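Position 6, counted from 1, in the first sequence is what the working numbering calls 428; the numbers after and before it change by one each time, with no gaps.
Even glycine gets a Cβ: it sits at the ideal position worked out from N, Cα and C.
Just so we're clear, the structure is a prediction, and the values are computed from it rather than from any experiment.
Here is the structure we will look at.
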Amino acid sequence: MEKILDKDEKWPACPVCGAEVVKPEGEIMYYCSNAACPAQVQQRLEHFVSRGAMDIRGIGESLSAILLAEGLVKDVADLYYLKAEQLAQLEKMGDKSADNVITAINNSKERPLARVIFALGIRHIGAETAEILATEFHSIDELSNTSREKLMSIPTIGPKIADSIVTFFQQEVNRNIIKRLREAGVRLEKEVVKAEELPLAGMEFVITGHLEAFTRQEAGARIKALGGSTSSNVSRKTSYLIVGADPGSKLARAQALGTKQLNEEQFLELLRQK
DNA sequence: GAGCCTCGAGATCT
DNA sequence: CTCGAGGCTC
């Protein structure tokens, strides 16, 4: 039920910057409409450096506030242009602490794509959705150039999230931040995982019977993408026999060899764990 | 029967 | 927030 305002009644204003507040339809909370609101800027910075995001140790609530107040940082990209000497001049900051912070910032340049997406602070994009986006897109560029339709075709992503993403990448401020992150050397592409580090590395799979979720070819592709291999015959080298509906003679052979088996549900579970 | 709305469950985000 | 179920309209 929408509140009706009396003629002279004012909408509540942001307690920090005094800007007009908005209340998205169906929601209870009011949000400050000013993206440049100091409180919002600080929250975005804190979120960016937080553990689940870029994980920059040494910068938290306190230092974030100081960096903003001193004008050393105006947005998250500025972090990567900080100099140790600038930090060392701050209150309660010596050369040692300053160096530690700079090192932490540099280390964060290699974070996995999912974390970078999460760190950007796009509305409705939490750790989970960021993870999903990182499996669908190879880079921030690819994500930023995608369409509302493509996004909506992804399970768990509906109109609200799709719009939020599209709008975010349309904003000039955000494009600029991404540009400077790239120029500073922050990796905005999917990490290249070494073959031997893939989750199914060294495992050989054989499929028997009919799978519901996908064709043999698709199943094989998924296995390969995770570093595993496939074969058409069960042997002592076979790690798992995937048993679909109406299994063939491979099942008997697997039983004779004592090969481990997975039903389709267990196989899907294995893929989900990555 | 396609299109649109509401509603509730279950998952996710703030 | 997303998504599917069920009810309504045309």
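Beta strand (DSSP E) containing Thr525: first to last residue? Segment Asp517 to Asn529 is the alpha helix (DSSP H) holding Thr525; no beta strand (DSSP E) there.
Status (buried if at least 16 other CB within 10 Å, exposed otherwise) for Leu679: exposed
Determine which residues share a DSSP beta bridge with His632 and list them. Ala667
Going by C-alpha distance, which of Lys445, Tyr452 and Gln462 is nearest Cys439? Gln462
I'd like to check one pair, Ser519 with Asp477: are the Cβ atoms closer than 8 Å? no
Exposed or buried, Glu686, counting other C-beta atoms within 10 Å across all chains shown (16 or more means buried)? buried
Excluding the 5 residues flanking Ala526 on each side, which residues of the same chain have their C-beta closer than 6 Å to its C-beta? Ile478, Arg479 and Gly480
Near Met574, which residues of its chain fall below 8 Å by C-beta distance, leaving aside the five closest residues on each side in sequence? Gly580, Pro581 and Ala584
Just verifying my parser: in three-state terms, what is the DSSP assignment at Thr568? coil
Please determine, among Ile645, Ala676, Thr568 and Thr681, the residue with the shortest C-alpha to C-alpha distance to Phe689. Ranking Ile645, Ala676, Thr568 and Thr681 by Cα distance to Phe689 puts Ile645 first.
Three-state secondary structure (DSSP) at Ala435? strand
Identity of the residue in Asn528, Asp521, Glu618 and Thr652 nearest Ala606 by Cα: Asn528
Nearest-angstrom Cα distance between Ser561 and Leu535? Cα to Cα, the separation comes out at about 7 Å.
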